[in-house]
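In what follows, a single structure is set out as structure tokens and then discussed.
Residue numbers (my numbering), protein chains in the order written: chain L, 1 to 185; chain G, 1001 to 1757.
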């Protein structure tokens, strides 16, 4: 038996105060979409079932949210432990897919910048005014490292509070926007 | 609609809502029932559809309700409401890039509001109140008034204007005088003002002297050549010689004076910056790459050298020269002078445009350079990892990618340069040619003398020079102002109050440590410590246990006051840690880290780091207590052996024992052992263990250890999990309770059995 197996078994709390479900301590590991169902319960909690076994109150997490190396979704329970790793969410049944997409949309609230109106930098803080797919936004960037270049024109900007804005492809923005953003990188 | 948007902008840039906007107050007045009172509010900027939009959530003494504008003037809809009695639970669900306030009733949950992270604090306050209400309600108490929100942690925004503060600065640049940056630079010159004045007067005299020969040219042509006044010639020659000899001699002095001044001021500033860096809070360092800080201390400062010593003077001299020559030219021929002014606006305007563009490029260039040195600072210390994974090629590629970026930006700058300066030269040339043509015509007509024209053209070149110089200087100044900004950012960052002496002086520190409901977060919204309370008596040894990320290291960082708590209090000997004189308090703390950092120097100097004047006997005694004496003597130069930059010639256990000796020598009242034995083999561990046991005698000790066996001497154990204190008590008590600690113990004894096999 490997060390790892021992640890994950033993570190999981034995006496769960939540009487909700008999939470198994081990992750289902990679789960193909055919084995999984996803829904939101009336209490506004994300639930899944894997091979008929139900899990309540989960947090969905993209495994590679930025690099999109693989379209994997991990489900974490309240203790932050993985319950299952879904390998191909697109292949879920329609209802599940919809519920998952909604949950993910909430989990990753990232407005996509469609136009940059102005960027003024002063004293290490740059003030951005942008048009996004969710409307107009103005925000402040306090740190150079908050602007991440993901390659192929894709960028993610985090503002002073941690809100995120994405540029899907810089080269697709108008020239003025491009020039403004370019000045910041 | 535009009005709503305008407001939206204001709040999404995070202005604190001191007073409710009038229209929102109006909605509220309309909606609330008589006797209903508002408690806390939450501005939500994300609509249920996911678009940006305006929503307000209010907690009153009767219900939780959400109002949304419905487009009609002064009117709003109640989008959601729930009576307080029906609420079972509330939480802020934190997502990536936004959060939501979730309230659950008996059998249904509601997403009350969504908001970007700027409102996170308000939402937490509201949840805090809601939970309090639920607790009271369940206890059968009637809901009469709503509890006040908890006190707030520090803000990352300016308290005056609400603008976000730069990550590394805690002063708001908008709320200080903008001209201050120049005044401040100037202030570094003030201690050497006599030298500066000397340099300035030398420069002015040289400039004035250099104007003389051109005037002599006029006399030479008009009086000697044209009129044949031979007697004047020797006089002119003598004057010329003395002017040149004089200005050369003065130049010599000037160069030296200026060099002295520049270096001297830089020396002061460099020391000042380094001094300040040492005083800065740890949070300053944890947020930035070492390479970038280093480039500020070296690169940016040298750029300031030019500005402080030469820049100010050059501006003055150029101005003086321009005025002086303008007067001379006007006196010689006002009409020609007006003509000569023609290219000046073109030169001035193009210089201004050039300055703006070059500033942008320089800014970017600076960032590229900083990135380049950050790579160096990243990979050179990590060279072992690079080599062991055979990633040299990739690191070289990464470096060359950055280098080519620098190259591209340098070329951009060069492109601007190479276009700009020839253009300006052409303009000035055209100006002189104009004078040449018009003036020549005037000479032929007898309106002026040839000597005057020659002198005029000579002076004209000298007049255009400062104009061009201003162009050149403009970018240099820009360059320096950006550097100055960055240097001052360091100087403006809030230092630790190490030098404060008006606080409480504990002499001696007894070592009682008390945490009262301490909360601390590195990032807003994510508590690293969440409501931790305990009391530790003087001399007690406390073992800190818990999974990684549980907050153990954070807890000891708070005891050393590397960081200040967000909420709650830490009391040392019954005094708030914030009221203590920091330096003497720190001096009473000894720290032994998992990865001991040894400075370049002798073994002796490393042990005596906190007290370089320690008597040799005390050093030896400390080394003995740390089980280090014997191996130190086995080193070729004994206590004088130089240990490398990171003590590389010693093993991990040996380095650890030197760092323990360092702590022993200090004789601290409070001792912190952060995984002191984690990175050594079992045999060494035993040696270190005995050294530590000697060390902890009579001192309040906090020991973090994953290997629980190292904590067997601990009087009590504190078990942390995800920022919360979940268990506290003696080993036996905790085993009895059968919680996390007892499980960890069981697990580790199983592991150690496996090891024996």
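Quick reminder that beta carbons are idealized off the backbone N, C-alpha and C, glycines included.
Exercise. How far does the alpha helix (DSSP H) with residue 1195(G) in it reach, from first residue to last?
Worked result: By one-based count along the second chain, residue 1195(G) stands at place 195. That run of the alpha helix (DSSP H) goes 1193–1219.
For this session: Please compile the residues from chain G whose C-beta is within a distance smaller than 7 Å of the C-beta of residue 71(L).
Result: By one-based count along the first chain, residue 71(L) stands at place 71. Per Cβ cutoff of 7 Å: no residues; residue 71(L) is ~17 Å from chain G at best.
Exercise. When DSSP labels each residue in this structure, what does residue 28(L) get in the three-state scheme?
Worked result: On the first chain, position 28 is the one that residue 28(L) refers to. If DSSP states are grouped into helix, strand and coil, residue 28(L) belongs with coil.
Exercise. Taking Cβ-Cβ distances below 8 Å as the criterion, which residues of the segment 1090–1106 of chain G are in contact with chain L?
Worked result: 1095, 1096, 1097, 1098, 1100, 1102 and 1104
Problem set entry | Buried or exposed by the 16-neighbour rule on C-beta atoms within 10 Å, applied to residue 1407(G) | Residue mapping note: residue 1407(G) aligns to position 407 of the second chain, counting from 1. Burial call: exposed.
Exercise. Quick one: what's got a C-beta closer than 7 Å to residue 1490(G)'s C-beta in the same chain, skipping five residues either side?
Worked result: Sequence index remark: in the second chain, residue 1490(G) carries index 490 (1-based). Same-chain partners within the cutoff: 1273, 1276, 1277 and 1296.
Exercise. Residue 1402(G) CB to nearest chain L CB: under 8 Å?
Worked result: Start at 1 with the first residue of the second chain, and residue 1402(G) comes out as number 402. With 8 Å as the cut-off, residue 1402(G) does not count as an interface residue toward chain L.
For this session: Step through the CB atoms of chain G and report whether any lies within less than 8 Å of the CB of residue 42(L).
Result: Within the first chain, residue 42(L) is the residue found at index 42, counting from 1. Residue 42(L) counts as touching chain G.
For this session: Can you tell me which of 74(L), 157(L) and 91(L) puts its alpha carbon nearest to the alpha carbon of residue 224(L)?
Result: The question about residue 224(L) has no answer here: the residues shown for chain L are numbered 1 through 185.
Exercise. Would DSSP call residue 1436(G) helix, strand or coil?
Worked result: Within the second chain, the letter at position 436 stands for residue 1436(G). Of the three classes helix, strand and coil, the one that applies to residue 1436(G) here is helix, per DSSP.
Exercise. Looking only at DSSP bridge pairs, what is residue 53(L) linked to?
Worked result: Reading the first chain from its first residue, position 53 is the one you call residue 53(L). Bridge partners of residue 53(L): 50(L).
Problem set entry | Which listed residue (1553(G), 1715(G) and 1260(G)) has its alpha carbon closest to that of residue 1699(G) | Reading the second chain from its first residue, position 699 is the one you call residue 1699(G). Answer by Cα proximity: 1715(G).
Exercise. Can you find at least 3 beta carbon pairs, one from the segment 1300–1318 of chain G and one from the segment 1196–1212 of chain G, that sit closer than 8 Å?
Worked result: yes
Exercise. Does DSSP put residue 81(L) in a helix, in a strand, or in coil?
Worked result: On the first chain, residue 81(L) is found 81 positions in, with the first residue counted as 1. If DSSP states are grouped into helix, strand and coil, residue 81(L) belongs with coil.
Exercise. Taking the Cβ atom as the reference point for each residue, do residue 1241(G) and residue 1451(G) lie within a distance shorter than 8 Å?
Worked result: Taking the first residue of the second chain as 1, we reach residue 1241(G) at position 241. Taking the first residue of the second chain as 1, we reach residue 1451(G) at position 451. Contact flag unset, no.
Exercise. What residue does the alpha helix (DSSP H) around residue 1138(G) start on, and which one ends it?
Worked result: Counting from 1 along the second chain, the entry for residue 1138(G) is found at position 138. For residue 1138(G), the enclosing alpha helix (DSSP H) has its first and last residue at 1120–1138.
Exercise. So is residue 29(L) in contact with chain G if we call contact Cβ pairs under 8 Å?
Worked result: The residue given as residue 29(L) occupies position 29 in the first chain. For residue 29(L), the answer is no, since every Cβ of chain G falls outside 8 Å of its Cβ.
Exercise. The beta strand (DSSP E) with residue 149(L) in it runs from where to where?
Worked result: Sequence index remark: in the first chain, residue 149(L) carries index 149 (1-based). Taken as a continuous stretch (DSSP letters only), the beta strand (DSSP E) holding residue 149(L) covers 147–151.
Exercise. Measuring CA to CA, which of 1389(G), 1402(G), 1187(G) and 1592(G) is closest to residue 1376(G)?
Worked result: Here the question's residue 1376(G) lines up with position 376 in the second chain. Comparing Cα-Cα distances from residue 1376(G) to each of 1389(G), 1402(G), 1187(G) and 1592(G), the minimum goes to 1402(G).
Problem set entry | Cβ neighbours of residue 212(L) in the same chain (closer than 8 Å, five flanking residues each side left out) | Absent from the structure is residue 212(L), since the part of chain L shown begins at 1 and ends at 185.
Problem set entry | Entirely enclosed beta strand (DSSP E) segments - the segment 66–145 of chain L, minimum 3 residues | 73–76, 82–86, 110–122, 125–132 and 135–141, all fully within the segment 66–145 of chain L.
For this session: Quick one: residues in its chain with C-beta nearer than 7 Å to the C-beta of residue 1788(G), no 5 flanking neighbours on either side, listed in chain order?
Result: Here chain G has residues from 1001 to 1757 only, and residue 1788(G) is not among them.
For this session: Measure the beta-carbon distance from residue 1090(G) to residue 1131(G) and round it to whole angstroms, keeping in mind my assumption that it falls under 8 Å.
Result: Residue 1090(G) sits at position 90 when you count from the first residue of the second chain. Residue 1131(G) sits at position 131 when you count from the first residue of the second chain. Contact flag correct, Cβ pair sits at about 6 Å.
Problem set entry | Distance, residue 1040(G) Cα to residue 1655(G) Cα | Counted from its first residue, the second chain places residue 1655(G) at position 655. Counted from its first residue, the second chain places residue 1040(G) at position 40. Roughly 54 Å between the two C-alpha positions.
Problem set entry | Residues near residue 1427(G) by beta carbon distance below 7 Å, same chain, minus five either side | In the second chain, counting from the first residue as 1, residue 1427(G) sits at position 427. These residues qualify, in order along the chain: 1343, 1346 and 1347.
Exercise. Taking Cβ-Cβ distances shorter than 9 Å, what residues in chain G pair up with residue 163(L)?
Worked result: On the first chain, position 163 is the one that residue 163(L) refers to. 1012, 1097, 1098, 1116, 1117 and 1118, listed in chain order.
Exercise. Under 8 Å between C-beta atoms, does residue 1360(G) make it to chain L?
Worked result: By 1-based counting over the second chain, the position of residue 1360(G) is 360. By this cut-off, residue 1360(G) is an interface position.
Exercise. Which of the three DSSP states, helix, strand or coil, is assigned to residue 1065(G)?
Worked result: Along the second chain, one-based indexing puts residue 1065(G) at 65. It is a strand residue.
Problem set entry | C-beta contact flag for residue 153(L) and residue 174(L) at 8 Å | Here residue 153(L) corresponds to residue number 153 of the first chain, with the count starting at 1. Here residue 174(L) corresponds to residue number 174 of the first chain, with the count starting at 1. No, these two residues do not count as a Cβ contact at 8 Å.
Problem set entry | Where the beta strand (DSSP E) through residue 1043(G) begins and ends | Taking the first residue of the second chain as position 1, residue 1043(G) is located at position 43. Its beta strand (DSSP E) spans residues 1038–1046.
Problem set entry | Cut-off 6 Å between Cβ atoms - residues of its own chain near residue 1710(G), not counting five sequence neighbours on either side | For this step, residue 1710(G) is matched to residue 710 along the second chain. Taken in chain order, the residues that qualify are 1677.
Problem set entry | Inter-residue Cα distance where the pair is residue 1137(G) and residue 1083(G) | Taking the first residue of the second chain as 1, we reach residue 1137(G) at position 137. Taking the first residue of the second chain as 1, we reach residue 1083(G) at position 83. Straight-line Cα distance between these residues: approximately 12 Å.
Exercise. Using 8 Å as the limit for Cβ to Cβ distance, is residue 107(L) near chain G?
Worked result: Numbered from its first residue, the first chain carries residue 107(L) at position 107. At least one chain G Cβ lies under 8 Å of residue 107(L).
Problem set entry | Range covered by the alpha helix (DSSP H) that runs through residue 1254(G) | As a position in the second chain, residue 1254(G) is number 254, starting the count at 1. Unbroken alpha helix (DSSP H) run through residue 1254(G): 1232–1279.
For this session: Just the chain G side, please: which residues come within less than 8 Å of residue 153(L) by C-beta, in chain order?
Result: In the first chain, the residue the question calls residue 153(L) occupies position 153. By Cβ distance, chain G contributes nothing, its closest Cβ being about 16 Å from residue 153(L), past 8 Å.
Exercise. So which of 1053(G), 1293(G) and 1384(G) has the shortest CA-CA distance to residue 1374(G)?
Worked result: Along the second chain, read from residue 1 onward, the residue named residue 1374(G) stands at position 374. Checking every option, the nearest Cα to that of residue 1374(G) belongs to 1293(G).
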